[in-house]
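Undergrad: Here it is: the structure, laid out below.
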Amino acid sequence: MNHTRTLILALMIALLPACSQQRPSTVGSDAAIEKRIDQLLARMTLSEKIGQMNQVSVGGDISHYAEALRKGQIGSILNEVDPVKLNEYQRICVEESRLGIPLLVGRDVIHGFHTIFPIPLGLAATFDPALVEEGARIASLEATAQGVRWTFSPMLDIARDPRWGRMAEGSGEDPWLDARMAEAMVRGYQGPVLDTTSMAACIKHFVGYGAAEGGRDYNSTFLTERQLRNVYLPPFEAAVKAGAMTLMTSFNDNDGVPSTGNAFILQDVLRGEWGFDGLVVTDWNSMGEMIAHGFGVDRKDVACKAANVGVDMDMMTFGFISHLEELVASGCVKESVIDEAVRRILRVKILLGLFEHPYVDVEAAAAVQYAPAHLDAARKAAEASAILLKNDGVLPLRADKVRTILVTGPMADAPHDQLGTWSFDGQKDHTVTPLKALQERFPGKVIYVQGLRNSREVRTRFDDVVAAARRADVVLAFLGEEAILSGEAHCLADLNLMGSQSELLAALKATGKPVVATVMAGRPLTIERDLSNCRALLYAFHPGTMGGPALANLLFGDVNPSGKTPVTFLRTVGQAPLYYAHNRTGRPYNGEMLLSEIGAEAGQTSLGNTSYYLDYGAYPLFPFGYGLSYTTFRYSDIALDREVYAEDGTIDVSFTLTNTGECDGTETVQVYVRDLVGSVTRPVKELKAFERVALKAGESRRLNVRIPVADLAFYGLDGVKKVEPGDFQLWVAADSASGEPLSFQVEKKE
Ligand code: NOJ
44 MNHTRTLILA
54 LMIALLPACS
64 QQRPSTVGSD
74 AAIEKRIDQL
84 LARMTLSEKI
94 GQMNQVSVGG
104 DISHYAEALR
114 KGQIGSILNE
124 VDPVKLNEYQ
134 RICVEESRLG
144 IPLLVGRDVI
154 HGFHTIFPIP
164 LGLAATFDPA
174 LVEEGARIAS
184 LEATAQGVRW
194 TFSPMLDIAR
204 DPRWGRMAEG
214 SGEDPWLDAR
224 MAEAMVRGYQ
234 GPVLDTTSMA
244 ACIKHFVGYG
254 AAEGGRDYNS
264 TFLTERQLRN
274 VYLPPFEAAV
284 KAGAMTLMTS
294 FNDNDGVPST
304 GNAFILQDVL
314 RGEWGFDGLV
324 VTDWNSMGEM
334 IAHGFGVDRK
344 DVACKAANVG
354 VDMDMMTFGF
364 ISHLEELVAS
374 GCVKESVIDE
384 AVRRILRVKI
394 LLGLFEHPYV
404 DVEAAAAVQY
414 APAHLDAARK
424 AAEASAILLK
434 NDGVLPLRAD
444 KVRTILVTGP
454 MADAPHDQLG
464 TWSFDGQKDH
474 TVTPLKALQE
484 RFPGKVIYVQ
494 GLRNSREVRT
504 RFDDVVAAAR
514 RADVVLAFLG
524 EEAILSGEAH
534 CLADLNLMGS
544 QSELLAALKA
554 TGKPVVATVM
564 AGRPLTIERD
574 LSNCRALLYA
584 FHPGTMGGPA
594 LANLLFGDVN
604 PSGKTPVTFL
614 RTVGQAPLYY
624 AHNRTGRPYN
634 GEMLLSEIGA
644 EAGQTSLGNT
654 SYYLDYGAYP
664 LFPFGYGLSY
674 TTFRYSDIAL
684 DREVYAEDGT
694 IDVSFTLTNT
704 GECDGTETVQ
714 VYVRDLVGSV
724 TRPVKELKAF
734 ERVALKAGES
744 RRLNVRIPVA
754 DLAFYGLDGV
764 KKVEPGDFQL
774 WVAADSASGE
784 PLSFQVEKKE
């Protein structure tokens, strides 16, 4: 990627005010908006106000909801995307309700609307915020054309346990990477100008949801305030600064307090410290579920608790619509609390221009979906997100050298499953699978034997596949897990390839033919044993609509792989959670003996007293930030501009990056920092910058990355965010486990 462009972009972002969108002239100044809201509020009855705070999932016949809409009892709907129906919903509100307030139409547009991009975890593997922003913009163009003006995305939950199915929906384990992706998605959805192509972004799930104990969805979390502030909150804060208009509370209780009733996170941090004046919506029935948590006696009680901590809109509990009037009458909820909530909802509607433009042009909407430019961008994103984890030189394949290609495996032609989780609107008829792409590219050369009907099928014999492999010059096995195996409520306790997929790969290897595996999955699966049964392995996550052509381009070398792991890949599930930025322990692992290396008479003291597993050691299969290329890169002459920096200074690290191989390629340079001594224990390393750099074969370039010393700040013993002066180390490296550190100091300000 163009270095200057990134720097200019970064500069522009830094100079922008909190909300980075421009407003269309029809919307007017802040004062004009607030005046408009005052005037509307003055005309609203209490019941109409509460109606705005009610969000309903609709489906089927509009007539079921018409009466409630006319009475102003619904402020927002979700799960309708038919533009004809949405126009009718809006018409009833705008023309037949007393005040004519339009609806806010929400939808889970998570990684594309019709044109589906790779799952967010795959997008994070690109380490390319500009590409991610473009994807979000395209999603917005398609969805808004049909009348959807609010997406429940981006999901910013830090996820460090791949058993958790929702790891697929976020950017992985690292707060810095997550924050950059968060900003990119917010910018993409909301657009440079808030106009009719803007969708309000909804940052979710606030907060800590990804730390569910045992990686089991909806489970409790026990995050300390320091851990929240240093790891889980930063992506949300970054997204708020980037102008995110709305936020969703999470399902989990943290240390006993469910998020939808949590005054500390919603009032003190979000509204108080960050000054967020956007709309807060609950997750689906998360208000009602506070009863199941045992945090409230009944729906009235939890509605009262949620309203009083600043929840503005109720998704599907019907707690506000059923009880807020009586709660106001009894004095449990002040009407001023309701007024503030409604103000925040109306502000979003005004900013989106919904009052002026409630309807969409149905014919124009159809032309926007799956536009060639959108498909092209989705293909590029899928190309950039695939991670090459092994290659003995068999890749890239040479089209002129292969006459017969065996395509096999449950994911080779799974048009729905390669779209991944949360792709409600992606249609499988538009999906191009690897099989389709390869057949089109090599007419007459492809043999297809599925091998396993799905990832879970158990088979003991593979005679048909093996016979086909014997006839082929190369075997392309597409393995992994279907879309349904990751995402919400889809957690796993075993992360090996399911069914007989590993056996299939072993049988293919036994033919002696070159076997190349491609894994499509919603999480990092534990593929250690499979690596030895293939000569190359490409990890594609769920790559979306254009996954097929993207993978064909990668396998045959039109595109050089450049994805890097956005999350640590485990050797075995029992290592979870294992992440690179763990705190320094008193007994760090030092390569001590494993069980397999010790004799039968070994006693207690023959094993190293360090932090590791006797059977698996302490290292992952692949560290965070890892990924191969068809070329190789060398880092040299890494130098800091100073040895000592002021607390308000900027670290300038320069280095030479050389493409030492024989083809062009893109490397994601990563900069990690370690704070050697803190008032509290600090992580062994933390990512502080990354940059994609494209280099021609043999090209060498002197580059530099600038890191404000302020970015080294953290919440220490006194609970105040600041840089603690002292000694630091810094790595410029290809991943989180390589490179040699440089040392520097931060000096105390006199
Ligand atoms: C529940 C999920 O947790 C959330 O992410 C989603 O946006 C809502 N349902 C709405 O579908």
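Going by my numbering, the first residue of the sequence shown is number 44, and it counts up by one from there. Every residue gets a Cβ at the ideal spot worked out from N, C-alpha and C, and that includes glycine.
1. Counting only runs that start and end within the segment 449 to 517, where is the alpha helix (DSSP H) found for 4 or more residues in a row?
2. Residues in the same chain with beta-carbon distance under 6 Å from leucine 309, minus the five sequence neighbours each way, listed in chain order, please.
3. Between alanine 350 and threonine 303, is the Cβ-Cβ spacing less than 8 Å?
4. With DSSP run on the structure shown, which of helix, strand or coil describes methionine 333?
5. In this structure, how does DSSP classify glutamate 793 when only helix, strand and coil are distinguished?
6. Per DSSP, what kind of secondary structure is tryptophan 219 in: helix, strand or coil?
7. Exposed or buried, which one is asparagine 596 when buried takes at least 16 other CB atoms within 10 Å?
8. Only counting the same chain, and skipping five residues up and downstream in sequence, which positions put a Cβ closer than 8 Å to that of lysine 433?
9. Considering only residues of the same chain and omitting the five flanking positions on each side of isoleucine 298, which have a CB-CB separation below 6 Å?
10. Using C-beta distances below 7 Å, list every residue in its chain close to leucine 395, excluding the 5 sequence neighbours before and after it, in chain order.
11. Taking all protein chains shown into account, decide if valine 763 is buried (16 or more other Cβ within 10 angstroms of its Cβ) or exposed.
12. Ligand 1: which residues have Cβ under 7 Å from any of its heavy atoms, chain order?
13. Out of Ile93, Ser466, Ala511, Ala407, state which residue places its alpha-carbon closest to the alpha-carbon of valine 450.
14. Between the C-alpha atoms of histidine 46 and histidine 107, what's the straight-line distance to the nearest angstrom?
15. Rounding to the nearest angstrom, what Cα-Cα distance links valine 778 and phenylalanine 667 in this structure?
16. Below 8 Å between beta carbons: does that hold for arginine 150 and leucine 174?
17. Taking just the CA atoms, how far does glycine 190 sit from glutamate 123?
18. Taking valine 345 as the reference, which of Cys375, Leu322, Trp317 has the closest Cα?
19. For leucine 621, which option in Glu110, Ile201, Arg86, Gly452 has the closest C-alpha, if you only look at C-alpha atoms?
20. If you follow the beta strand (DSSP E) that valine 101 is part of, which residue opens it and which one closes it?
21. Between phenylalanine 361 and methionine 291, is the Cβ-Cβ spacing less than 8 Å?
22. Expressed to the nearest angstrom, what Euclidean distance is found between the alpha-carbon atoms of alanine 111 and arginine 387?
23. Thinking just about the alpha-carbon of each residue, which of Phe757, Ala645, Thr554 is nearest to the one in valine 274?
24. How many Å lie between glycine 321 and proline 477 at the Cα?
25. Apply the 10 Å Cβ neighbour rule to serine 498 and answer buried if 16 or more other Cβ atoms are within range, or exposed otherwise.
26. Buried or exposed: isoleucine 153, going by 16 or more other Cβ atoms within 10 Å of its Cβ?
27. When DSSP builds the beta bridges, which residues end up paired with tryptophan 193?
28. Residue ranges of each beta strand (DSSP E) run of no fewer than 3 residues wholly in the segment 669 to 754, ordered along the chain?
29. Does the separation of the CB atoms of lysine 556 and valine 602 fall below 8 Å?
30. Verify the CB distance criterion: does glutamate 734 have a CB-CB separation below 8 Å to chain B?
31. Counting C-beta neighbours from all protein chains within 10 Å, is the total for valine 720 16 or more, i.e. buried, or is it exposed?
32. Could you pull out every residue in the same chain whose Cβ sits closer than 6 Å to the Cβ of glycine 253, ignoring the five residues on either side in sequence?
33. Checking 8 Å against the spacing of the C-beta atoms, do valine 714 and valine 748 come in under that value?
34. Which residue from Leu540, Thr554, Ala583 puts its Cα closest to that of leucine 568?
35. Which word fits lysine 791, buried or exposed, when buried means at least 16 other C-beta atoms lie within 10 angstroms of its C-beta?
TA: From the atom records:
1. Correct list: 477 to 484, 506 to 514.
2. Here residue 309 is taken as the residue at index 266 of the sequence shown, counted from 1. Within the same chain, Val352, Gly353 come within 6 Å of leucine 309 by CB-CB distance, once the 5 residues on both sides are set aside.
3. Numbered from its first residue, the sequence shown carries residue 350 at position 307. Numbered from its first residue, the sequence shown carries residue 303 at position 260. Going by C-beta atoms, alanine 350 is not nearer than 8 Å to threonine 303.
4. By one-based count along the sequence shown, residue 333 stands at place 290. DSSP places methionine 333 in helix when its eight states are reduced to three.
5. In the sequence shown, the residue the question calls residue 793 occupies position 750. Glutamate 793: coil per DSSP, three-state reduction.
6. Within the sequence shown, residue 219 is the residue found at index 176, counting from 1. It is helical.
7. In the sequence shown, residue 596 corresponds to position 553, counting from 1. Classification for asparagine 596: buried.
8. As a working mapping, residue 433 is identified with position 390 in the sequence shown. Around lysine 433: Leu574, Cys577, Arg578, Ala579, Leu580, Leu671.
9. Here residue 298 is taken as the residue at index 255 of the sequence shown, counted from 1. For clarity, residue 298 is aspartate in the given sequence; the question names isoleucine instead. Within the same chain, aspartate 298 has close Cβ partners Phe265.
10. Taking the sequence shown and counting its residues from 1, one reaches residue 395 at position 352. Correct list, in chain order: Arg192, Leu237, Ser241, Ala243.
11. For this step, residue 763 is matched to residue 720 along the sequence shown. Valine 763 is exposed by the Cβ-count criterion.
12. Listed by position in the chain, the residues whose beta carbon lies within less than 7 Å of some heavy atom of ligand 1 are Leu121, Asp151, Phe195, Met198, Lys247, His248, Met291, Phe294, Asp326, Trp327, Met358, Glu531.
13. Looking up residue 450 in the sequence shown gives position 407. The candidate whose alpha carbon is nearest that of valine 450 is Ala511.
14. As a position in the sequence shown, residue 46 is number 3, starting the count at 1. As a position in the sequence shown, residue 107 is number 64, starting the count at 1. Low confidence applies to histidine 46: its pLDDT is 43, below 50, so where it sits in the model is not reliable enough to give any reading.
15. Residue 778 sits at position 735 when you count from the first residue of the sequence shown. Residue 667 sits at position 624 when you count from the first residue of the sequence shown. A small correction: the amino acid at residue 778 is aspartate; valine does not occupy that position in the sequence shown. The straight-line gap separating the alpha-carbon atoms of aspartate 778 and phenylalanine 667 is approximately 6 Å.
16. One-based indexing of the sequence shown puts residue 150 at position 107. One-based indexing of the sequence shown puts residue 174 at position 131. Between arginine 150 and leucine 174, the C-beta gap is not smaller than 8 Å, which leaves the two residues out of contact.
17. Numbered from 1 along the sequence shown, position 80 holds the residue referred to as residue 123. Numbered from 1 along the sequence shown, position 147 holds the residue referred to as residue 190. Roughly 9 Å separates the two Cα atoms.
18. Position 302 of the sequence shown, counting from 1, holds the residue named residue 345. It is Cys375 whose Cα lies nearest to the Cα of valine 345.
19. Position 578 of the sequence shown holds residue 621. Of Glu110, Ile201, Arg86, Gly452, the residue nearest in Cα terms is Ile201.
20. Along the sequence shown, read from residue 1 onward, the residue named residue 101 stands at position 58. Bounds of any beta strand (DSSP E) do not take in valine 101, whose DSSP letter is neither H nor E.
21. Taking the first residue of the sequence shown as 1, we reach residue 361 at position 318. Taking the first residue of the sequence shown as 1, we reach residue 291 at position 248. The answer is no: Cβ separation not under 8 Å.
22. Position 68 of the sequence shown, counted from the start, is the residue given in the question as residue 111. Position 344 of the sequence shown, counted from the start, is the residue given in the question as residue 387. Their Cα atoms are separated by approximately 21 Å.
23. In the sequence shown, residue 274 corresponds to position 231, counting from 1. The option with the nearest alpha carbon to valine 274 is Phe757.
24. On the sequence shown, position 278 is the one that residue 321 refers to. On the sequence shown, position 434 is the one that residue 477 refers to. Whole-angstrom Cα-Cα distance: 42 Å.
25. Translated into positions along the sequence shown, residue 498 becomes position 455. Looking at its Cβ environment, which holds 16 or more other Cβ atoms inside 10 Å, serine 498 is buried.
26. As a first step, residue 153 is located in the sequence shown; it is residue number 110 there, counting from the start. Its Cβ being crowded by 16 or more others within 10 Å, isoleucine 153 is buried.
27. The count along the sequence shown starts at 1 and reaches residue 193 at position 150. Answer is Gly149, Ala243.
28. Fully enclosed beta strand (DSSP E) runs of 3 or longer: 676 to 683, 687 to 689, 693 to 702, 708 to 718, 729 to 738, 743 to 751.
29. In the sequence shown, residue 556 corresponds to position 513, counting from 1. In the sequence shown, residue 602 corresponds to position 559, counting from 1. In this structure, valine 602 does not lie closer than 8 Å to lysine 556 by Cβ.
30. Chain labels in this structure do not include chain B; a single protein chain is all it has.
31. Taking the sequence shown and counting its residues from 1, the one referred to as residue 720 is at position 677. By the neighbour-count rule (16 or more Cβ atoms within 10 Å), valine 720 is not buried but exposed.
32. Within the sequence shown, numbered from 1, the residue matching residue 253 stands at position 210. Exclusion of the five residues before and after glycine 253 leaves Asp200, Ile201, Ala202 as the residues of its chain whose Cβ lies within less than 6 Å of its Cβ.
33. For the purposes of this step, residue 714 is taken as residue 671 along the sequence shown, with counting starting at 1. For the purposes of this step, residue 748 is taken as residue 705 along the sequence shown, with counting starting at 1. For valine 714 and valine 748, yes; Cβs fall inside 8 Å.
34. Taking the first residue of the sequence shown as 1, we reach residue 568 at position 525. Out of Leu540, Thr554, Ala583, Leu540 has the C-alpha closest to the C-alpha of leucine 568.
35. Counting from 1 along the sequence shown, the entry for residue 791 is found at position 748. By the neighbour-count rule (16 or more Cβ atoms within 10 Å), lysine 791 is not buried but exposed.
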